[in-house]
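**Q** From first to last, the protein sequence lines are chains B and F.
For what it's worth, this note's numbering labels the leading residue of the first sequence as 1, then goes sequentially.
For what it's worth, this note's numbering labels the leading residue of the second sequence as 1, then goes sequentially.
No residue lacks a Cβ here, since even glycine has one placed at the ideal position from N, Cα and C.
Since the structure is predicted, the reported quantities are computational estimates derived from the model, not experimental observations.
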Amino acid sequence: MKIVPINSGSDNSPERPPLETVLLEEINSLYATAIRMTGRRDLAEDLVQETARKTMQGASSMRDQRNPRAWVFKILINLIRDHLRRQKLWHEVDLSASESDYSLAPDTSSMHDVPAAIAKLNPPLRAIVLLVHFEEFTISEAAAILKIPPGTAASRLARANRELRDSLEAYRSRFSREGGGA
Amino acid sequence: MNCAHARKLLYPNPEQAEVTIEHSEALAHLRSCDDCQRLFEARASWVGELKSQLSPLAAPSHLRQAVNEITQPRRAGLLSRRALQVAAAAVLLIAIAVGWLASRTNSQGFFRSICEDHAKYLTAESQLQSTDPSQIETWFREKTDFGVRVPALETTNLLGARLCLLRERKAALIFYRRSGRPVSMFQLNAKDVSLAGLDRSVIDGAPFWRMSYKGYALAAFEQRGVVFVLVSDLRETDLLQMASMARTRSAGF
Numbered sequence: 001m002k003i004v005p006i007n008s009g010s011d012n013s014p015e016r017p018p019l020e021t022v023l024l025e026e027i028n029s030l031y032a033t034a035i036r037m038t039g040r041r042d043l044a045e046d047l048v049q050e051t052a053r054k055t056m057q058g059a060s061s062m063r064d065q066r067n068p069r070a071w072v073f074k075i076l077i078n079l080i081r082d083h084l085r086r087q088k089l090w091h092e093v094d095l096s097a098s099e100s101d102y103s104l105a106p107d108t109s110s111m112h113d114v115p116a117a118i119a120k121l122n123p124p125l126r127a128i129v130l131l132v133h134f135e136e137f138t139i140s141e142a143a144a145i146l147k148i149p150p151g152t153a154a155s156r157l158a159r160a161n162r163e164l165r166d167s168l169e170a171y172r173s174r175f176s177r178e179g180g181g182a
Numbered sequence: 001m002n003c004a005h006a007r008k009l010l011y012p013n014p015e016q017a018e019v020t021i022e023h024s025e026a027l028a029h030l031r032s033c034d035d036c037q038r039l040f041e042a043r044a045s046w047v048g049e050l051k052s053q054l055s056p057l058a059a060p061s062h063l064r065q066a067v068n069e070i071t072q073p074r075r076a077g078l079l080s081r082r083a084l085q086v087a088a089a090a091v092l093l094i095a096i097a098v099g100w101l102a103s104r105t106n107s108q109g110f111f112r113s114i115c116e117d118h119a120k121y122l123t124a125e126s127q128l129q130s131t132d133p134s135q136i137e138t139w140f141r142e143k144t145d146f147g148v149r150v151p152a153l154e155t156t157n158l159l160g161a162r163l164c165l166l167r168e169r170k171a172a173l174i175f176y177r178r179s180g181r182p183v184s185m186f187q188l189n190a191k192d193v194s195l196a197g198l199d200r201s202v203i204d205g206a207p208f209w210r211m212s213y214k215g216y217a218l219a220a221f222e223q224r225g226v227v228f229v230l231v232s233d234l235r236e237t238d239l240l241q242m243a244s245m246a247r248t249r250s251a252g253f
């Protein structure tokens, strides 16, 4: 296993890309996140455009922020959360300590219908999976984007990973019983 | 540190985990624990597989265009600000260049007029005929707003002095003769004169300025707020040597 130097999540580079560049470079990621969070392409397009507008409006207050990419994703996730809350689809996750299994060893042989398994996750769990696994934010960055403590973000991710694994295992079992092949 | 604690601290992987004060200790555990390494490898492999199962979603071109338009005003603003900065810098550079050129031209014009003045008054009589430097200095005392110094120069005859006006600047003019050739030494208040239009030389570590005009050589130097300008039809090197000597002698005053 490759162990790389610690990423503290802080950006010490003196030259940060301007927000406009981040928006245009990350547009595919923003769009994909919006679709996977809402399930609707038209809504995802509106959310990304609104993210761009809000980003530009808040550009002056962005000066002190060290991570423009996380800033842009935070705006998008805020918009998505607001929308899903209005639709009563965003339910905060109640995590008990026992549910945070950090030693869970997942099985790569059960990778069937990943999009469906991700879509099945409760939106707050789906958000942490998308941010950490797909957008490769650190736990600290994802926590800041979701406005939750880092410990909660790690617990949510552990819970989401377990649900994902269970969901994928269940699909494999059903797929095997129905006589399908991989 | 045990495995469970290290796994919690390094969750979901060492690169993305929250950095705490125990992070390095957890990393040390990971380096030495085969079970933990296997777990993190399996998890990394699982996440990699997970990602590979999701097809990429590219933003449609009209969305890209819309976002591009939203960011345009600020980009245009940034561009125009940058263009303004470049233009301002260019104007400043041009102004400096023009100013320098004008100053140099103006300065050269002034020193040409000194050469012309020397030629014009070659036969003019001194207002004060004297071979005594101190007498000449005393004579100038009430007439100029700077202290005139009259250096006694070897192999050079001091003839006398007169007060003159060069382009509305009051100047002390001292007449010498060297190798049979007349030499005019003008002295002016340094505040009224710019040497920028002349070529610069360094003799024995001291700066001198020089030019040639209509067959006359001119050598100048500045000392204690006074600009000394020597003009003659002597060779430029001879005149510079004389200027150097005058500088040394007048420094002792």
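1. State the start and end residues of the unbroken beta strand (DSSP E) segment that holds E222 of chain F.
2. Could you tell me the boundaries of the beta strand (DSSP E) in which G48 of chain F lies?
3. Since I believe A97 of chain F is in contact with I254 of chain F (beta carbons under 8 Å), could you give me their beta-carbon distance rounded to a whole number of angstroms?
4. Cα-Cα, which of F:W209, F:Q72, F:R64 is closest to Q241 of chain F?
5. Kindly indicate if chain B contains any beta-carbon less than 7 Å away from that of P151 of chain F.
6. Going by beta-carbon coordinates alone, are S140 of chain B and E18 of chain F separated by less than 7 Å?
7. Residues of chain F with CB closer than 7 Å to the CB of P53 of chain B, please, in chain order.
8. Checking 7 Å against the spacing of the C-beta atoms, do V132 of chain B and A142 of chain B come in under that value?
9. What are the residues in the stretch 124-149 of chain B lying within 9 Å of chain F by C-beta distance?
10. Give the C-beta separation of A172 of chain F and T144 of chain F to the nearest angstrom, bearing in mind that I take them to be a contact with Cβ-Cβ under 8 Å.
11. Between which two residues does the beta strand (DSSP E) containing F73 of chain B stretch?
12. Would you check if the stretch 106-114 of chain F and the stretch 218-232 of chain F touch, i.e. whether three or more CB-CB distances between them fall below 8 Å?
13. Determine the chain F residues that contact N28 of chain B at a beta-carbon separation under 8 Å, and present them in chain order.
14. Counting only Cβ-Cβ distances shorter than 8 Å, please list the residues of the stretch 16-30 of chain F near chain B, keeping chain order.
15. State the start and end residues of the unbroken alpha helix (DSSP H) segment that holds F134 of chain B.
16. When DSSP labels each residue in this structure, what does M211 of chain F get in the three-state scheme?
17. With three or more C-beta pairs closer than 8 Å as the rule, is the stretch 21-40 of chain B touching the stretch 66-74 of chain B?
18. Taking C-beta to C-beta, are R177 of chain F and L163 of chain F nearer than 7 Å?
19. Counting only the same chain and skipping the five closest in sequence on each side, list residues whose C-beta sits under 6 Å from that of G225 of chain F.
20. Ignore the nearest five residues each way along the sequence and tell me which others in N157 of chain F's own chain have a CB closer than 6 Å to its CB.
21. Can we say the stretch 146-166 of chain B touches the stretch 117-128 of chain B, given the rule of at least three CB pairs closer than 8 Å?
22. Buried or exposed: where does Q187 of chain F fall if 16 or more other Cβ atoms within 10 Å of its Cβ makes it buried?
23. For the alpha helix (DSSP H) that contains Q241 of chain F, what are its first and last residues?
24. Considering Cα atoms alone, identify which of B:H83, B:L43, B:R41, B:L19 is closest to A59 of chain B.
25. At 8 Å on the CB atoms, spell out the chain B contacts of V67 of chain F, in chain order.
26. For the alpha helix (DSSP H) containing N28 of chain B, name the first residue and the last one.
27. Check L159 of chain F in the structure and name its three-state DSSP category.
28. Spatial neighbours of L216 of chain B within its chain, please: C-beta separation below 7 Å, excluding the five flanking residues on both sides.
29. If we define contact as Cβ-Cβ less than 7 Å, is E163 of chain B a contact residue for chain F?
30. On the CB-based measure, 16 or more other CB atoms within 10 Å of its CB, does L47 of chain B come out buried or exposed?
31. Considering only the beta carbon of each residue, do A59 of chain F and I27 of chain B sit closer than 7 Å?
32. Any residues in the stretch 208-220 of chain F with a beta carbon nearer than 7 Å to a beta carbon of chain B? Which ones, in chain order?
33. At a CB-CB cut-off below 7 Å, which residues of chain F make contact with V114 of chain B?
34. When the Cα of K51 of chain F is compared with those of B:T152, B:A117, B:N67, B:G151, which residue comes out closest?
35. Along chain B, which residues have their Cβ under 9 Å away from the Cβ of V98 of chain F?
**A** Answer, in terms of the structure:
1. 216-223
2. Counting along the chain, G48 of chain F falls outside any beta strand (DSSP E), though it belongs to the alpha helix (DSSP H) covering 34-53.
3. Since the first residue shown for chain F is 1 and the last is 253, residue 254 of chain F is missing from the structure and cannot be characterised.
4. F:W209
5. no
6. yes
7. Note that residue 53 of chain B is Arg in the sequence shown here, rather than Pro. By Cβ distance, chain F contributes I70.
8. yes
9. V129, V132, H133, F134, E136, F137, T138, I139, S140, E141, A142, A143
10. 6 Å
11. Taken as a continuous stretch (DSSP letters only), F73 of chain B belongs to no beta strand (DSSP E), being part of the alpha helix (DSSP H) at 68-86.
12. yes
13. P56, L57, A58, A59
14. Q16, A17, E18, V19, H23, S24, L27, L30
15. It is not in any alpha helix (DSSP H) - F134 of chain B carries neither H nor E in the DSSP assignment.
16. strand
17. yes
18. no
19. A190
20. R177
21. yes
22. buried
23. 236-251
24. B:L19
25. L23, L24, I27, V48, Q49, A52
26. 27-38
27. strand
28. No answer is possible for residue 216 of chain B: it lies beyond the span of chain B, which begins at 1 and ends at 182.
29. no
30. buried
31. yes
32. none
33. L50, Q53, L54
34. B:A117
35. The premise fails here: V98 of chain F is roughly 35 Å from chain B at the closest Cβ pair, so nothing lies under 9 Å.
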